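**Q** Structure below; questions to follow.
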Amino acid sequence: MSSDPLSILVVSDLHLGFNERDPVRGNDTFDTLDEVFTIASEHKVDLVLIAGNLFHDNKPSRRALQHAVETLRHHCLGDRNVQIEIVSDQKMNFHGRYGSVNYEDPNYNVQLPVFAIHGDRDDPSGDGGLSALDLLSSANLINYFGKNANSKDISLVPILISKGQTKLALYGLGHVRDEELAAALDQGTVKVGTPREAAGEWFNLLAIHQKRSKATGGGSASGKSINEMALPRKPVAMDLVVWGHEHECQTEGGMEGIQSNRNVTFDVIQPGSTVATELSEAEAKPKHVCILQLYGEKWKMSSIRLQTVRPFSFGEVVLEEHKGSTEHDLHSDEGLMDFLEEQVKEMLCQIAAQNPATPLTVQAENLRKYPLLKLRVDYTGYSTCNAQRFGQRFVNQVANPSDLLQFTRKLRKSGDEKVDDKANKGTSSTSHEPDSVGEVTSQIQSLVGEFLEQKQMRLLPEEVLHKVVFEDFVKKDSKNAIADTINRWLQVQQKELVKVTVDGVGTTSKEQEQRIESLMRDRAAKGTSREAPPSTTAAASGVREDDGGEEMDMDFQPAATLPRSAPAKASATKRGKAARATADEGWSDQAAIQLDDSDSDFGESPQARGKKPAAGSKRAATSKGRAPTQRAPAKKARTGSAAIEDDDEDESSRPTQQAPAGSTKSAFARTRRIK
Numbered sequence: 027m028s029s030d031p032l033s034i035l036v037v038s039d040l041h042l043g044f045n046e047r048d049p050v051r052g053n054d055t056f057d058t059l060d061e062v063f064t065i066a067s068e069h070k071v072d073l074v075l076i077a078g079n080l081f082h083d084n085k086p087s088r089r090a091l092q093h094a095v096e097t098l099r100h101h102c103l104g105d106r107n108v109q110i111e112i113v114s115d116q117k118m119n120f121h122g123r124y125g126s127v128n129y130e131d132p133n134y135n136v137q138l139p140v141f142a143i144h145g146d147r148d149d150p151s152g153d154g155g156l157s158a159l160d161l162l163s164s165a166n167l168i169n170y171f172g173k174n175a176n177s178k179d180i181s182l183v184p185i186l187i188s189k190g191q192t193k194l195a196l197y198g199l200g201h202v203r204d205e206e207l208a209a210a211l212d213q214g215t216v217k218v219g220t221p222r223e224a225a226g227e228w229f230n231l232l233a234i235h236q237k238r239s240k241a242t243g244g245g246s247a248s249g250k251s252i253n254e255m256a257l258p259r260k261p262v263a264m265d266l267v268v269w270g271h272e273h274e275c276q277t278e279g280g281m282e283g284i285q286s287n288r289n290v291t292f293d294v295i296q297p298g299s300t301v302a303t304e305l306s307e308a309e310a311k312p313k314h315v316c317i318l319q320l321y322g323e324k325w326k327m328s329s330i331r332l333q334t335v336r337p338f339s340f341g342e343v344v345l346e347e348h349k350g351s352t353e354h355d356l357h358s359d360e361g362l363m364d365f366l367e368e369q370v371k372e373m374l375c376q377i378a379a380q381n382p383a384t385p386l387t388v389q390a391e392n393l394r395k396y397p398l399l400k401l402r403v404d405y406t407g408y409s410t411c412n413a414q415r416f417g418q419r420f421v422n423q424v425a426n427p428s429d430l431l432q433f434t435r436k437l438r439k440s441g442d443e444k445v446d447d448k449a450n451k452g453t454s455s456t457s458h459e460p461d462s463v464g465e466v467t468s469q470i471q472s473l474v475g476e477f478l479e480q481k482q483m484r485l486l487p488e489e490v491l492h493k494v495v496f497e498d499f500v501k502k503d504s505k506n507a508i509a510d511t512i513n514r515w516l517q518v519q520q521k522e523l524v525k526v527t528v529d530g531v532g533t534t535s536k537e538q539e540q541r542i543e544s545l546m547r548d549r550a551a552k553g554t555s556r557e558a559p560p561s562t563t564a565a566a567s568g569v570r571e572d573d574g575g576e577e578m579d580m581d582f583q584p585a586a587t588l589p590r591s592a593p594a595k596a597s598a599t600k601r602g603k604a605a606r607a608t609a610d611e612g613w614s615d616q617a618a619i620q621l622d623d624s625d626s627d628f629g630e631s632p633q634a635r636g637k638k639p640a641a642g643s644k645r646a647a648t649s650k651g652r653a654p655t656q657r658a659p660a661k662k663a664r665t666g667s668a669a670i671e672d673d674d675e676d677e678s679s680r681p682t683q684q685a686p687a688g689s690t691k692s693a694f695a696r697t698r699r700i701k
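In our numbering, the protein residues as written are 27 to 701.
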């Protein structure tokens, strides 16, 4: 096996198909997807990791699906050798009918494996609990992992990837409702699997797609977002977390761009989105993909700026600060629009200076190069103007003339009382909706919520109704979501009513009515805190449940209560396609990594491992002198897999391992384990 580092291209939130009907921006996501995989091919990475939201829509269009298939087929199929090896039980890692990594299929010649989790937009839904990623996985183009059929029973199953001296335990958690995941983390019910063999030698990486909490203190996840401090720390301590869903790119500058948190023992890589979908201030930062390189227990990261991303500038103006202007009457429509026009023209000049381009002569090229602008206008004390009319002034100059402006105003306060935001929904200066459609949806959802609070439904909980209507029916276009949910809850209520009636045999009809009425009130008051009705699609989702039997290679136990497992001596049978090339094949001079003291790109990570294998350990024996094997002409029979378990052995009984001589001279960043 090659002694080169394990190279991973990390990307998230590609939102393929976003605004594909727009005559100007329709191809933006497609162009960027092509660039991302072109970078992966040019740098000859070992695998691509997508941390959620490959697609923008839960049911992507045929055009979006076709482009995804064509891009993956063009870059992922070929004769280049795959340098990595999966040594875990693949039936527990991958979902669907086949249950194995795609490059081991003898009917396909895969040169670039892609590993992906789902996000909040392309998550499983509808009949069968399927996602658009399931289609790509069935076509053998990607490896879809991190899927949990039941949000109340979340398990993290690592994909054990080996390349030379590097052992990577890749964990994945596709998007789960933030409230449900926060509750599971607080209660310690999230289960984490660990390798049975040499658990301390694996580099633990978690890919997650959730709303990230801005808080820096406390160890509890909030109901609206996930605090990184609440992520599982036992039985394994993560070395690195790739965080999807957040659109702000925090990888610019490579290792220098990583924001460390002293309260956690791992670093967080936040790639951000590759396209500006919300036109928010955070999305105005340059877009990057990052290349993560692992070598043994050490790692480093470099970032590459994307060139096909449409230029985007975000500005803000407060009208109150210009009330003394003599050039424009800010209280009139024309005067206000003239003033705002000057502001937008200044932004256009700044973009032109920051993004120099060759002279454009073709109309189609002009359409592609139009920038995106968003001007936030604080109109407190003033009136607004017609945003559509204002946008007409910049047709054929910007890509989004219809939503150039975002009007906001400060919320009014009454003495020391809290701010009443009911009259200002969607206009708060601290809460900005991405567009007018989002504002309308938010206002409707708020009105429905206020109405239901007064009426108090007796059959369907309010939170369940909000989810099924606004998330499943509206956002994901699941036409049968409302009917299916009502039918499931109706069946549950009918069973409980029958039970109450049977238990009330011998009582009067009035007493039974009172008991039923009391039951319905209690159920409505508890809302979704009670056990939700079982989904009819869980069994069809392709996710295997752990029955606790001895035939399973993974034992799941609550992460919050388990000690970290000690290294076991059980051996594992390797399987899969091994590399046929020599160690230096496929690496250019620029991509080669020098492991010496002069490489200043590698810094200390906040988790330097204190334990290393001894010089004569099994890992050292197996990683040296291993000759690459030839790819089998036909699919090999599985004779074994890497065993995975949660060991109950106390940490104090773990043997202390000695570090190999000369290991301190490596320039890679080190990680440490929680003792």
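Think of the CB as a built atom: it goes at the ideal place given N, C-alpha and C, for glycine as much as any other residue. Please read all numbers here as calculations on a predicted model, not as lab measurements.
Determine the direct distance from the alpha carbon of Tyr405 to that of Phe433, and round the result to whole angstroms.
**A** By one-based count along the sequence shown, residue 433 stands at place 407. By one-based count along the sequence shown, residue 405 stands at place 379. Going from the Cα of Phe433 to the Cα of Tyr405 covers about 7 angstroms.
**Q** Can you check which of these residues, Val474, Arg514, Trp515 and Gln517, is closest to Phe496 by C-alpha distance?
**A** Here the question's residue 496 lines up with position 470 in the sequence shown. Nearest option by C-alpha distance: Val474.
**Q** Given a cut-off of 8 angstroms, decide if Leu345 and Ala356 are closer than it, judged by their beta-carbon atoms.
**A** On the sequence shown, position 330 is the one that residue 356 refers to. On the sequence shown, position 319 is the one that residue 345 refers to. The displayed chain sequence assigns Leu, not Ala, to residue 356. Going by C-beta atoms, Leu356 is nearer than 8 angstroms to Leu345.
**Q** List the DSSP bridge partners of Thr192.
**A** Your numbering for residue 192 matches position 166 in the sequence shown. DSSP lists Lys189 as partners of Thr192.
**Q** Of all the options Pro221, Asp153, Glu309 and Glu543, which has the alpha carbon lying nearest to the alpha carbon of Ser188?
**A** Walking along the sequence shown from the start, residue 188 turns up at place 162. It is Pro221 whose Cα lies nearest to the Cα of Ser188.
**Q** How about Ser38 and Gly270: are their beta carbons less than 8 angstroms apart?
**A** Residue numbering aside, residue 38 sits at position 12 when the sequence shown is read from its first letter. Residue numbering aside, residue 270 sits at position 244 when the sequence shown is read from its first letter. Taking 8 angstroms as the Cβ cut-off, Ser38 and Gly270 qualify as a contacting pair.
**Q** Applying the 10 Å Cβ sphere with the 16-neighbour rule, what's the burial state of Gly43?
**A** Against the sequence shown, residue 43 aligns to sequence position 17. Buried: at least 16 other Cβ atoms inside 10 Å.
**Q** Who are the near neighbours of Ala566 in its chain, counting only those whose CB is closer than 7 angstroms to its CB and skipping five residues on each side?
**A** Translated into positions along the sequence shown, residue 566 becomes position 540. Low per-residue confidence applies at Ala566: pLDDT is 36, beneath 50, and the placement is therefore not dependable, though the value from the model is reported in the following sentence. Counting only Cβ-Cβ distances below 7 angstroms, and skipping sequence neighbours, we find Gly154 and Gly155.
**Q** Can you give the Cα-Cα distance for Arg435 and Glu205, rounded to whole angstroms?
**A** The sequence position of residue 435 within the sequence shown is 409, counting from 1. The sequence position of residue 205 within the sequence shown is 179, counting from 1. Cα to Cα, Arg435 sits roughly 30 angstroms from Glu205.
**Q** What does DSSP give as the partner residue(s) for Glu111 in the beta ladder?
**A** Here residue 111 refers to the residue found at position 85 of the sequence shown. Paired residues: Ser188.
**Q** Hey, Ser114 and Leu186: beta-carbon distance below 8 angstroms or not?
**A** On the sequence shown, residue 114 is found 88 positions in, with the first residue counted as 1. On the sequence shown, residue 186 is found 160 positions in, with the first residue counted as 1. Going by C-beta atoms, Ser114 is nearer than 8 angstroms to Leu186.
**Q** Name the DSSP beta bridge partners of Ala233, please?
**A** Locating residue 233 in the sequence shown gives position 207, counting from the first residue. DSSP, once it has assigned bridges, lists Gly198 and Val268 as partnering Ala233.
**Q** Taking DSSP as the reference, what is the three-state secondary structure of Asn79?
**A** As a position in the sequence shown, residue 79 is number 53, starting the count at 1. In the structure shown, Asn79 sits in coil (DSSP, three-state: anything other than H, G, I, E or B).
**Q** Could you give the DSSP three-state label for Phe433: helix, strand or coil?
**A** Along the sequence shown, read from residue 1 onward, the residue named residue 433 stands at position 407. Strand at Phe433.
**Q** Taking the alpha-carbon positions, what's the Asp30 to Tyr134 distance?
**A** In the sequence shown, counting from the first residue as 1, residue 30 sits at position 4. In the sequence shown, counting from the first residue as 1, residue 134 sits at position 108. About 25 angstroms.
**Q** Tell me, which residues are paired with Leu182 by DSSP?
**A** One-based indexing of the sequence shown puts residue 182 at position 156. In the DSSP output, where bridge partners are listed per residue, Leu182 has Val218.
**Q** Given a threshold of 16 other Cβ atoms within 10 Å of its Cβ, counted over all protein chains shown, does His100 qualify as buried or as exposed?
**A** The residue given as residue 100 occupies position 74 in the sequence shown. By the 10 Å Cβ count, His100 comes out exposed.
**Q** Going by other Cβ atoms of all chains shown within 10 Å of its Cβ, with 16 needed for buried, is Lys349 buried or exposed?
**A** Position 323 of the sequence shown, counted from the start, is the residue given in the question as residue 349. Burial call: exposed.
**Q** In the structure shown, what three-state DSSP assignment does Ala119 receive?
**A** Looking up residue 119 in the sequence shown gives position 93. Looking at the sequence shown, residue 119 is not Ala but Asn. The answer is helix: DSSP assigns Asn119 an H, G or I state.
**Q** Would you report the Cα separation of Ala310 and Gln423, rounded to the nearest angstrom?
**A** Position 284 of the sequence shown holds residue 310. Position 397 of the sequence shown holds residue 423. Taking the straight line from one Cα to the other gives about 18 angstroms.
**Q** For the candidate residues Ala195, Ala210 and Val202, whose alpha-carbon lies nearest to that of Ala224?
**A** For the purposes of this step, residue 224 is identified with residue 198 of the sequence shown, where counting begins at 1. Of Ala195, Ala210 and Val202, the residue nearest in Cα terms is Ala195.
**Q** Thinking C-alpha only, which one of Val262, Leu211 and Phe365 is nearest Glu347?
**A** To locate residue 347, count along the sequence shown from 1; it is residue 321. The shortest Cα separation from Glu347 among Val262, Leu211 and Phe365 belongs to Phe365.
**Q** Under a three-way DSSP split, which group does Ser33 fall into?
**A** Here residue 33 corresponds to residue number 7 of the sequence shown, with the count starting at 1. Correct three-state label for Ser33: strand.
**Q** Apart from the five residues on each side of it in sequence, which residues of its chain come closer than 6 angstroms, Cβ to Cβ, to Asn230?
**A** Stepping through the sequence shown from its first residue, residue 230 is reached at position 204. Around Asn230: Ala195, Val262, Met264 and Asp265.
**Q** Could you give the DSSP three-state label for Leu401: helix, strand or coil?
**A** Sequence index remark: in the sequence shown, residue 401 carries index 375 (1-based). Strand at Leu401.
**Q** Please state whether the Cβ-Cβ distance between Asp148 and Leu80 is less than 8 angstroms.
**A** Taking the first residue of the sequence shown as position 1, residue 148 is located at position 122. Taking the first residue of the sequence shown as position 1, residue 80 is located at position 54. Against a cut-off of 8 angstroms, the Cβ pair of Leu80 and Asp148 comes out as a contact.
**Q** I'd like to check one pair, Ser329 with Gly280: are the Cβ atoms closer than 8 angstroms?
**A** To locate residue 280, count along the sequence shown from 1; it is residue 254. To locate residue 329, count along the sequence shown from 1; it is residue 303. Their beta carbons are under 8 angstroms apart, which means Gly280 touches Ser329 by this criterion.
**Q** Please name the residue in Asn381, Asp179, Ser358 and Arg47 whose C-alpha comes closest to that of Asn412.
**A** As a first step, residue 412 must be located in the sequence shown, where it is residue number 386. When only C-alpha atoms are compared, the closest one is Ser358.
**Q** When burial is assigned at 16 or more other CB atoms within 10 Å of the CB, is Ala640 buried or exposed?
**A** The count along the sequence shown starts at 1 and reaches residue 640 at position 614. With a pLDDT of 43 at Ala640, under the threshold of 50, the predicted position of this residue should be treated as unreliable, and no value is reported.
**Q** Beta strand (DSSP E) containing Glu342: first to last residue?
**A** Counting from 1 along the sequence shown, the entry for residue 342 is found at position 316. Note, Glu342: beta strand (DSSP E), Phe338 to Val344.
**Q** Give the DSSP bridge partners of His314, in chain order.
**A** Residue mapping note: residue 314 aligns to position 288 of the sequence shown, counting from 1. Arg331.
**Q** What did DSSP end up calling Gly43 once you bin it into helix, strand or coil?
**A** The residue labelled residue 43 in the question sits at position 17 within the sequence shown. DSSP places Gly43 in coil when its eight states are reduced to three.
**Q** So, with DSSP's three-state summary, where would you put Phe141?
**A** Locating residue 141 in the sequence shown gives position 115, counting from the first residue. In the structure shown, Phe141 sits in a strand (DSSP, three-state: E or B).
**Q** Which residues mark the beginning and the end of the beta strand (DSSP E) in which Val294 is found?
**A** On the sequence shown, position 268 is the one that residue 294 refers to. Val294 -> beta strand (DSSP E) spans Asp293 to Ile295.
**Q** Taking Ala66 as part of the alpha helix (DSSP H), name the residues at either end of that continuous run.
**A** If you number the sequence shown from 1, residue 66 lands on position 40. Per DSSP, Ala66 belongs to the alpha helix (DSSP H) from Asp54 to Glu68.
**Q** Can you find the residues in the same chain that come closer than 6 angstroms, C-beta to C-beta, to Val74, ignoring five residues on each side of it along the sequence?
**A** If you number the sequence shown from 1, residue 74 lands on position 48. So the list reads Leu35, Ala66 and Val140, once near-sequence residues are dropped.
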